[in-house]
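Student: Using our numbering, the first residue of the sequence shown is number 3, and each one after it goes up by one.
Cβ atoms here follow ideal geometry from the backbone N, Cα and C, with glycine treated the same way.
Computed from a predicted model, the values in this text were never measured in an experiment.
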Amino acid sequence: KYFNIYLLTGGFPETINDYIKNLKTGAAKINSTYYEDIIEKIFEKMNKKISIDILKVIVDSITNTLKYSTIKNKTKYSEKTIKWYLNEMSELMLLFEIKEKQSNKLKKFYIKDPFIMHSIRTYYTSTNYFEDSFNTIMDEREKGIFVENCVAGHLHNLYNWNLEFYRDEKQKEVDFIVNKTAIEVKYRTKIEMPTLIKGVEEYILLTRFPVGLADLQINNRLAIPSCVFLAMLQKPLNFL
Numbered sequence: 003k004y005f006n007i008y009l010l011t012g013g014f015p016e017t018i019n020d021y022i023k024n025l026k027t028g029a030a031k032i033n034s035t036y037y038e039d040i041i042e043k044i045f046e047k048m049n050k051k052i053s054i055d056i057l058k059v060i061v062d063s064i065t066n067t068l069k070y071s072t073i074k075n076k077t078k079y080s081e082k083t084i085k086w087y088l089n090e091m092s093e094l095m096l097l098f099e100i101k102e103k104q105s106n107k108l109k110k111f112y113i114k115d116p117f118i119m120h121s122i123r124t125y126y127t128s129t130n131y132f133e134d135s136f137n138t139i140m141d142e143r144e145k146g147i148f149v150e151n152c153v154a155g156h157l158h159n160l161y162n163w164n165l166e167f168y169r170d171e172k173q174k175e176v177d178f179i180v181n182k183t184a185i186e187v188k189y190r191t192k193i194e195m196p197t198l199i200k201g202v203e204e205y206i207l208l209t210r211f212p213v214g215l216a217d218l219q220i221n222n223r224l225a226i227p228s229c230v231f232l233a234m235l236q237k238p239l240n241f242l
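1. I'd like to confirm the pairing. Which residues does DSSP put opposite I113 in its beta bridges?
2. Of the choices F211, Y126 and T72, whose alpha-carbon is the least far from that of G146?
3. Look at the alpha carbon of R223 and the alpha carbon of Y205, and state the distance between them as a whole number of angstroms.
4. Taking Cβ positions, are H120 and D141 nearer each other than 9 Å?
5. Can you tell which of Y131, T65 and K47 has its C-alpha closest to the C-alpha of K101?
6. Once DSSP output is grouped into helix, strand and coil, what is the label at L157?
7. Where does V230 land, buried or exposed, given buried means 16+ other C-beta within 10 angstroms?
8. Can you give the Cα-Cα distance for L232 and H156, rounded to whole angstroms?
9. Buried or exposed: Y4, going by 16 or more other Cβ atoms within 10 Å of its Cβ?
10. Going by DSSP, what residue range makes up the beta strand (DSSP E) through D177?
11. Under 9 Å between the Cβ atoms of L165 and E186?
12. Of all the options Y189, Y87 and A29, which has the alpha carbon lying nearest to the alpha carbon of V149?
13. Does the beta-carbon of D62 have 16 or more other beta-carbons within 10 angstroms, so that it is buried, or is it exposed?
14. Buried or exposed for S105, going by 16 or more other Cβ atoms inside 10 Å?
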């Protein structure tokens with residue numbers, strides 16, 4: 003329940019308080035002005051159209067690798083312009099990138115907060131901001147993307163440059179590598195075993211549902227609900 007609320011409101015006190023206030027009156031929603039304000043305030047020092055065009059490509063590619071050339075082809079902006087805007091957005095803590103463990107050329111981009119993701123996704127496509135956002139996280143596949151993005155954000159806050167992902171020559175992938183621990187988001191009904199990587203000592207599977215005691219440890223793979231994992235990361239525990 004509370005994890006779903008976080009996926010809707012993000013970490014902004016204004017959106018959290020507005021949702022809770024409306025919930026008490028029987029109307030679960032977030033005022034549309036917050037979606038619009040987040041866009042206006044964030045990009046008041048940058049060209050809004052260019053920023054949104056670039057961010058839309060980023061958001062549509064969350065969980066997938068992305069090259070500057072791809073953004074260039076989709077937005078028609080120069081690579082120099084794209085890099086400048088991405089750097090500015092990174093400085094504003096709107097997004098961040100992680101690199102592939104064995105190659106600096108492969109990278110993934112993630113958005114720092116789920117509410118920012120909702121605001122960008124709905125900016126061009128909807129006027130029913132909350133309804134669209136709610137329907138998004140009710141969809142299993144879309145919700146899985148948001149969960150992976152949240153996990154990436156929390157890990158990046160704690161481990162920053164030690165955070166990587168892995169992809170082999172057969173395109174098999176591990177979502178995140180932190181030091182010698184592999185972390186995979188499996189936010190779905192059926193849990194699949196992760197790709198094995200040489201040199202990795204531990205695997206953590208972040209699941210959708212609570213698992214039984216018999217499933218907590220499968221070989222060297224620890225299975226734990228995604229929301230529990232994120233809650234633990236907020237505490238000063240040597241979990242990884």
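Tutor: So, to answer that:
1. Here residue 113 is taken as the residue at index 111 of the sequence shown, counted from 1. BP columns for I113 point to L97.
2. Taking the first residue of the sequence shown as 1, we reach residue 146 at position 144. Ranking F211, Y126 and T72 by Cα distance to G146 puts F211 first.
3. For the purposes of this step, residue 223 is identified with residue 221 of the sequence shown, where counting begins at 1. For the purposes of this step, residue 205 is identified with residue 203 of the sequence shown, where counting begins at 1. When rounded, the distance between both Cα atoms is 5 Å.
4. Numbered from 1 along the sequence shown, position 118 holds the residue referred to as residue 120. Numbered from 1 along the sequence shown, position 139 holds the residue referred to as residue 141. It is not a contact, given that the beta carbons lie outside the stated cut-off.
5. Taking the sequence shown and counting its residues from 1, the one referred to as residue 101 is at position 99. Nearest of Y131, T65 and K47 to K101, Cα basis: T65.
6. Within the sequence shown, residue 157 is the residue found at index 155, counting from 1. Looking at L157 - three-state DSSP - the assignment turns out to be helix.
7. As a working note, residue 230 is residue 228 in the sequence shown. Its Cβ having fewer than 16 others within 10 Å, V230 is exposed.
8. As a position in the sequence shown, residue 232 is number 230, starting the count at 1. As a position in the sequence shown, residue 156 is number 154, starting the count at 1. Distance between the alpha carbons of L232 and H156: 7 Å.
9. To locate residue 4, count along the sequence shown from 1; it is residue 2. Its Cβ having fewer than 16 others within 10 Å, Y4 is exposed.
10. Sequence index remark: in the sequence shown, residue 177 carries index 175 (1-based). Counting along the chain, the beta strand (DSSP E) containing D177 begins and ends at E175 to V180.
11. As a first step, residue 165 must be located in the sequence shown, where it is residue number 163. As a first step, residue 186 must be located in the sequence shown, where it is residue number 184. In this structure, L165 sits away from E186, with a CB-CB distance that is not shorter than 9 Å.
12. Numbered from 1 along the sequence shown, position 147 holds the residue referred to as residue 149. Nearest C-alpha to V149: Y189.
13. Within the sequence shown, numbered from 1, the residue matching residue 62 stands at position 60. By the neighbour-count rule (16 or more Cβ atoms within 10 Å), D62 is not buried but exposed.
14. Residue 105 sits at position 103 when you count from the first residue of the sequence shown. Under this definition S105 is an exposed residue.
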